[in-house]
Amino acid sequence: MTIPFLCLLIAVVIPYVLSALVGRYRAEQFGAIDMRHPRAQQRALEGKGARAQAAQDNAREILPVFASGVFVSHLSGGDPRPAAALSIVFVATRILHPVLYIGDQPTARAGVFLVGLGCCIALFLV
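Mapping the sequence shown onto this note's numbering, position 39 (from 1) lands on 223, and the numbers just tick up by one.
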């Protein structure tokens, strides 16, 4: 497995890790996790729980962009070294992004997001 594909696997797992964290916040805020209406309960989260949910949503939203970049780079015969470096930086931004989101650091979070998005775009050009 190439480094970009391994990074893609990690990026696929991140939203599920965040889902577990959101579940913890749901249980803390509401006393239990509502399995009948989970989306309504998620929308009612406040504070860190709401930010964790937003981080999870963002992790899912950027995933197709990164996956597309990885596949385009690979299928077009792009240089694997910069593709690997870009993929590693992307994963690092995706790990840091929810930390900053939940920690209520919007400016730093936006900067980290832009770096990750830049990595995705650069993968198309490798």
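Glycine included, every Cβ here is placed at the ideal spot set by N, Cα and C.
Please read these numbers as outputs of a predicted model, since none were measured by experiment.
Which of helix, strand or coil DSSP assigns to residue i
i: I241; result: Here residue 241 turns out to be Asp, not Ile, going by the sequence shown. D241 falls in the helix class under three-state DSSP.
i: T186; result: coil
i: S260; result: coil
Run of the alpha helix (DSSP H) containing residue i, from where it starts to where it stops
i: V275; result: 264–286
i: V310; result: That residue, V310, is in no alpha helix (DSSP H); it is neither H nor E in DSSP.
Cβ neighbour criterion (16 or more within 10 Å) applied to residue i
i: S271; result: buried
i: V283; result: exposed
i: T291; result: exposed
i: S257; result: buried
i: I305; result: exposed
i: L309; result: exposed
i: L259; result: exposed
i: L298; result: exposed
i: L229; result: buried
i: R265; result: exposed
i: F214; result: exposed
Rounded distance between the beta-carbons of residue j and residue i, thought under 8 Å
i: A239; j: H281; result: 6 Å
i: L307; j: A268; result: Not really, about 10 Å apart at Cβ, beyond 8 Å.
i: T189; j: V254; result: Reading off the sequence, residue 189 comes out as Phe, not Thr. Indeed they touch by this definition, with Cβ atoms about 7 Å apart.
i: R244; j: P199; result: 5 Å
i: G146; j: R278; result: With the chain represented from 185 up to 310, any question about residue 146 goes unanswered, as that position is not in the structure.
i: R210; j: G233; result: 7 Å
i: V275; j: A204; result: Actually they do not touch by this definition, with Cβ atoms about 18 Å apart.
Note down, one range per segment and in chain order, each alpha helix (DSSP H) of at least 4 residues found wholly within the segment 208–232.
222–227
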